[in-house]
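Below: one structure, written as structure tokens.
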Amino acid sequence: MIPSKFGQFIKQDERFFQTLQQLQQSTLEILIQVSLLFFLVWYLIANFLGESVNLPQLSVSLIPAVLGSWWASRLLARRLGVALTIWMAGLIVLMGLSGYFFQRPDLLLFLLPLPMIGALIIEWWYGALVIAVLMAETWLLGNALPPGSSSTVYLQVILLGGGIGVTAGWAVSRSLLVASSWAMEGYHKAQTEMEEARKNRLELKQTQDELLHANTELSRLTERLKILYQVAEEARQVKEQFVANVSHELRTPLNMIISFSEMIMNSPRSYGVDLPSDLMADIAAIQRNSRHLSKLVNDVLSLSQIEAGRMGLTRAWASLTEIVDEAVTAVGALYKSKKLYLETDLPQDLPVVFCDSTRVRQVVLNLLSNAGRFTEKGGVSIKATQDAEFIIISVADTGPGISADHQDKVFQPFQQLDGLVQRRYGGSGLGLSISKNFVELHGGKMWFESEDGVGTTFYFSLPIVEPVKMDYSSGGAKRWFNPYQSYEVRGPRFAEHPAVVPRYVVLEDSEVLTQIIERFITQVEVCRVRKVEDAIAELDRSPAQALLINEAAITSNDDLTKKISDLPYGTPVISCWLASDDDVAHRLGATRYLVKPIDRERLLRTIAEMGDEIQTILIVDDHPEALQLFARMLHNSDKNYRVLQANNARRALDLLNTRKPDLLLLDLIMPEMDGFQLLQEKRVNPGIKDIPTIIISSQDPSGEPVVTDAIRVRRSGGLSVRELLTCIQAFSEILMPSAQPVDQE
Numbered sequence: 026m027i028p029s030k031f032g033q034f035i036k037q038d039e040r041f042f043q044t045l046q047q048l049q050q051s052t053l054e055i056l057i058q059v060s061l062l063f064f065l066v067w068y069l070i071a072n073f074l075g076e077s078v079n080l081p082q083l084s085v086s087l088i089p090a091v092l093g094s095w096w097a098s099r100l101l102a103r104r105l106g107v108a109l110t111i112w113m114a115g116l117i118v119l120m121g122l123s124g125y126f127f128q129r130p131d132l133l134l135f136l137l138p139l140p141m142i143g144a145l146i147i148e149w150w151y152g153a154l155v156i157a158v159l160m161a162e163t164w165l166l167g168n169a170l171p172p173g174s175s176s177t178v179y180l181q182v183i184l185l186g187g188g189i190g191v192t193a194g195w196a197v198s199r200s201l202l203v204a205s206s207w208a209m210e211g212y213h214k215a216q217t218e219m220e221e222a223r224k225n226r227l228e229l230k231q232t233q234d235e236l237l238h239a240n241t242e243l244s245r246l247t248e249r250l251k252i253l254y255q256v257a258e259e260a261r262q263v264k265e266q267f268v269a270n271v272s273h274e275l276r277t278p279l280n281m282i283i284s285f286s287e288m289i290m291n292s293p294r295s296y297g298v299d300l301p302s303d304l305m306a307d308i309a310a311i312q313r314n315s316r317h318l319s320k321l322v323n324d325v326l327s328l329s330q331i332e333a334g335r336m337g338l339t340r341a342w343a344s345l346t347e348i349v350d351e352a353v354t355a356v357g358a359l360y361k362s363k364k365l366y367l368e369t370d371l372p373q374d375l376p377v378v379f380c381d382s383t384r385v386r387q388v389v390l391n392l393l394s395n396a397g398r399f400t401e402k403g404g405v406s407i408k409a410t411q412d413a414e415f416i417i418i419s420v421a422d423t424g425p426g427i428s429a430d431h432q433d434k435v436f437q438p439f440q441q442l443d444g445l446v447q448r449r450y451g452g453s454g455l456g457l458s459i460s461k462n463f464v465e466l467h468g469g470k471m472w473f474e475s476e477d478g479v480g481t482t483f484y485f486s487l488p489i490v491e492p493v494k495m496d497y498s499s500g501g502a503k504r505w506f507n508p509y510q511s512y513e514v515r516g517p518r519f520a521e522h523p524a525v526v527p528r529y530v531v532l533e534d535s536e537v538l539t540q541i542i543e544r545f546i547t548q549v550e551v552c553r554v555r556k557v558e559d560a561i562a563e564l565d566r567s568p569a570q571a572l573l574i575n576e577a578a579i580t581s582n583d584d585l586t587k588k589i590s591d592l593p594y595g596t597p598v599i600s601c602w603l604a605s606d607d608d609v610a611h612r613l614g615a616t617r618y619l620v621k622p623i624d625r626e627r628l629l630r631t632i633a634e635m636g637d638e639i640q641t642i643l644i645v646d647d648h649p650e651a652l653q654l655f656a657r658m659l660h661n662s663d664k665n666y667r668v669l670q671a672n673n674a675r676r677a678l679d680l681l682n683t684r685k686p687d688l689l690l691l692d693l694i695m696p697e698m699d700g701f702q703l704l705q706e707k708r709v710n711p712g713i714k715d716i717p718t719i720i721i722s723s724q725d726p727s728g729e730p731v732v733t734d735a736i737r738v739r740r741s742g743g744l745s746v747r748e749l750l751t752c753i754q755a756f757s758e759i760l761m762p763s764a765q766p767v768d769q770e
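Heads up, the sequence shown is in our numbering, so the first residue is 26 and it goes up one at a time.
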């Protein structure tokens, strides 16, 4: 029913195709109704005019047309082509019978529109087929009529009129379909463009929303970054100040320990008695570890001063050859004891350098000491070269070298290649970091080249500075200025007004919260009490900033809320949960937690609290001197403990399973398998899980990054809206700080 040229294109749009079919169906339906009405009116008019009509013959003629129209109407919705054929067949039979019955072949001329209708609805070939049928019917009717009724003229009229109708129908249908196809193509194009425009508009809206969200997040992250930078900077400054203070405080007792141990070792008879060899060995261990700790403290102090920008250089003109010779002399004993060679290759014409000779000597000495400690065979060579701007010193050894995996960590503080290297060669991991900072303070650089298994060469450079010619001829104060030292204008100093020291009352049985406050908050007064009544009395005696309650360290808190509901002076209450050492021990699966250093009385008292059935004690520590120290403490007690020793966790597990000791003294930090893993293995082993454990560690639980996860604040009388909002802002600013707004002028 659709021209083949456009059928496939039109069928691409299902809705348009269905609309076209509905149009064809409605058109044919109208034609059927109009044709029936037309012939009926014609029949009535003919009878009304009194013409001689044979009613039976007329009825016979109408039956095919009526039946064909009814049947065609039923088939319209399903088979349009069949319906059209049946309808036309009924009309053709009607006119054929009417022409035969009424001797009127001219009635066939009423069928001339049928070819055009067929061409319009179906195709041109359908119209041609209708013409052929009409011509055949005309020819048959002409032969059936009496002589004198010629059908030749009618045949010509039907052929000519039908051909014109078919041509017109085909042309009209083609034009309509072409126009429809163009319209549909334009509609599809417009619809596609509209969809693309809608999609682009939606994508643009989404992009705008995402961009706005990204800008908001970027602004928030930028603000957060500024705050985090400020917090990190403040933390760095606090860390540096803390390290510097602690290092200074440790120097005096360390010097006393080193001095007394040296006196005992060098002059044992000055005490009037012969000291036993075991005691001398213990004192030697004390002296050795004290010296190591003293060096570590000095390194930490130097590093903190460098990072804080407080390390000054006392520059003067110095001979680099003399500095190297002094360092070589200082390490000579080390190289001789290990039978290593130490070669120097310094040009005679090395210029003097403007430097801090003490710091440069420390750099050279550190490089030579490291090379000597790590080299087992061969030796070390130190050379000096110069170019137009720098003097370059190199220290090359024949040691084990540095693997590529560890080379990026060489200059980082507290870095060792691994635990085995630290145990074998010693050192704190600060020497190279400090030396690099010393060189950079002079305006030079430090780097190294290393090949694993072959050796390592460290280099550092010092800038060559031309001596400044002093002009002593100028008069006045200018001639007293040192050209190598920068001067700063100093303003007058005024004494600060004394401030009122904040006071806190701490309610707890232990001293965890009290120690943290005293350790990290300066210029503060802390009063610790164990009972609520004592806290109220202290607050009544002297006002305080707040009553601090450590709920983890209160044995009895019956009616605590009621008792603190009306404190003197409206003192606020801040409650938190700070676990003590023993709480940490219970979480780890142990009984007690002791933080090093531990004296003899404290250790024996803690063991005695475990019960009188303790006879055999297993000590686990990776430091041999720690094993020796704790074993001597236990041997010298009046309990006559049997002592087992293990220098690693694997050995400790074997002894726990085979010897079944009554008590385990455990260090947490050990290489390979540590104390935490040992406690896990012990917890899942039914045979040893009930053995009590005392943790002996240098890790202080109160020094962990997170010590509590909740705090509660309350005050008798409640808080006003302003006070509530102020507290909310203060807490949110501390827990999630935000940048302060900048005034824009």
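Each residue gets a CB set at the ideal place from its N, CA and C atoms; glycine is no exception.
Computed from a predicted structure; not experimentally measured.
Check                                                                                                            : Outcome
Inter-stretch contact (C-beta, 8 Å, three-pair minimum) for the stretch 310-319 and the stretch 345-352          : no
Where the beta strand (DSSP E) through V554 begins and ends                                                      : 550-554
Contact between the stretch 644-655 and the stretch 593-613 (3+ Cβ pairs under 8 Å)                              : no
F436 (DSSP reduced to helix, strand or coil)                                                                     : coil
A257 burial status per 10 Å Cβ neighbour count (16 or more: buried)                                              : exposed
Own chain partners of D591 with C-beta closer than 6 Å, once the 5 adjacent residues on each side are dropped    : S741
3-residue-minimum beta strand (DSSP E) runs that sit fully inside the stretch 584-630, ordered along the chain   : 597-601, 617-620
Spatially closest choice to S94 from R103, M120, L56, S123, by CA coordinates                                    : L56
CB of P717 within 9 Å of CB of D687, strictly                                                                    : yes
Proximal residues to Q702 (C-beta, below 8 Å), its chain only, five neighbours per side dropped                  : A674
Cutoff 8 Å; reference V549; Cβ partners in own chain excluding five residues on either side                      : V526, P527, R528, Y529, I542, E543
C-beta contact flag for K707 and L689 at 9 Å                                                                     : yes
Those residues which DSSP pairs with Q411 across a bridge                                                        : I416
Burial state of G124, where buried means 16 or more other Cβ atoms lie within 10 Å                               : buried
Outcome for M305 when other beta-carbon atoms lying within 10 angstroms are tallied against a minimum of 16      : exposed
With 16 other Cβ atoms within 10 Å as the buried cut-off, status of R449                                         : Because the pLDDT at R449 is just 49, under 50, the model does not fix this residue reliably, and the value given afterwards should be weighed accordingly. Exposed, since its Cβ has fewer than 16 Cβ neighbours within 10 Å.
C-beta atoms of A633 and I720 nearer than 9 Å                                                                    : no
Alpha-carbon spacing of A310 relative to Q653, whole angstroms                                                   : 10 Å
Residue interval of the alpha helix (DSSP H) (run including Y360)                                                : 357-362
D370 - containing beta strand (DSSP E), residue span                                                             : 366-370
Contact the stretch 429-438 vs the stretch 387-398: 3+ CB pairs below 8 Å                                        : no
Alpha-carbon to alpha-carbon, R612 and I599                                                                      : 25 Å
Close-in-space but distant-in-sequence residues of the same chain around G614 (CB under 6 Å, 5 per side omitted) : L704, R708
Nearest-angstrom beta carbon gap, L133 and M141 [assumed within contact, 8 Å]                                    : At roughly 15 Å, the Cβ-Cβ gap does not stay under 8 Å, so M141 and L133 are not in contact.
Inter-stretch contact at 8 Å, needing at least 3 Cβ pairs: the stretch 419-427 / the stretch 474-482             : yes
Exposed unless 16 or more other CB atoms sit within 10 angstroms - verdict on V464                               : buried
Under 9 Å between C-beta atoms of G139 and L122                                                                  : The question names Gly, yet the displayed sequence has Leu at residue 139. Cβ distance not < 9 Å, so L139 and L122 don't count as in contact.
Enclosing beta strand (DSSP E) for L693 [first to last residue]                                                  : Counting along the chain, L693 falls outside any beta strand (DSSP E), and DSSP gives it neither H nor E.
Opening and closing residue of the alpha helix (DSSP H) in which A429 lies                                       : No alpha helix (DSSP H) contains A429, which DSSP labels as neither H nor E.
Minimum C-alpha distance to V378 - residue among T346, L136, L393, I736                                          : T346
Buried or exposed by the 16-neighbour rule on C-beta atoms within 10 Å, applied to G152                          : buried
Proximity of A97 and L53 at Cβ, strictly below 9 Å                                                               : yes
Nearest to I183 (by Cα), restricted to the options I146, A215, K224, P130                                        : P130
Local conformation of P278 per DSSP, three classes                                                               : helix
Contact under 9 Å by Cβ, S406 with A421                                                                          : yes
Buried versus exposed, by CB contacts within 10 Å (16 or more), F756                                             : exposed
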